[in-house]
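Visitor:
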Amino acid sequence: MKLICACASASASAAALTQGKQVHCQYVRRIGWRNVVVESALVDLHARSEAIDVAHRIFMWMSDRNLITRSSMIYGFAQNGRGGEALTTFNEMMEGMEPDCISFTGVLYTWSHTGLVDEDDILT
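Note that this note's numbering numbers the sequence shown so that position 37 is 56, with each residue one more than the last.
1) Could you tell me the alpha carbon to alpha carbon distance between aspartate 83 and glutamine 98, rounded to whole angstroms?
2) Under a Cβ-count criterion, where at least 16 other Cβ atoms within 10 Å of its own Cβ denotes burial, should glycine 100 be classed as buried or exposed?
3) Could you tell me the alpha carbon to alpha carbon distance between methionine 112 and valine 126, rounded to whole angstroms?
4) Considering only C-alpha positions, which residue in the set Ala66, Arg53, Leu135 is nearest to glycine 103?
5) Are the CB atoms of threonine 107 and glutamate 58 nearer to each other than 9 Å?
6) Here's the rule I'm using: 16 or more other beta-carbon atoms within 10 Å means buried, otherwise exposed. How should methionine 144 be labelled?
7) Taking glutamate 58 as part of the alpha helix (DSSP H), name the residues at either end of that continuous run.
8) So, is aspartate 119 buried or exposed, given that buried needs 16 or more other C-beta atoms within 10 angstroms?
9) Given a cut-off of 9 Å on the beta-carbon distance, is the pair serine 68 and serine 90 in contact?
10) Considering only residues of the same chain and omitting the five flanking positions on each side of phenylalanine 109, which have a CB-CB separation below 6 Å?
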């Protein structure tokens, strides 16, 4: 399990989407779903590789979305210019859990990276 997470993270940082997809396929084939750590790494991998729609699909399929997963999705949306969706994810997160400094940093990153700094009413 740790090897899969390490491979997914390494693939994301090296922007080797092909290798990341192979790890993803092997995970689904051998283990299935329902491991929040691996699934969070896959969300991060696809979001960093500009496959934000795939990352969002994985995120939506997850039965357990923790603070790390939600923060990864916020950053992924921001990195891909989808600030509204990042803020929606943050607002949804606030309904069920308390954000941490990483989550708030993700919101600040979203504001600056997607040009929302001048918006008056960003958070609902």
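Glycine included, C-beta positions come from ideal geometry on N, C-alpha and C. This one's a predicted model, so the numbers in the text were calculated from it and none came from an experiment.
Guide: Quick look at the numbers:
1) 23 Å
2) exposed
3) 12 Å
4) Leu135
5) no
6) A question about residue 144 goes unanswered here, because the residues of the chain that appear run from 20 up to 143.
7) 55-67
8) exposed
9) no
10) Ile93, Val126
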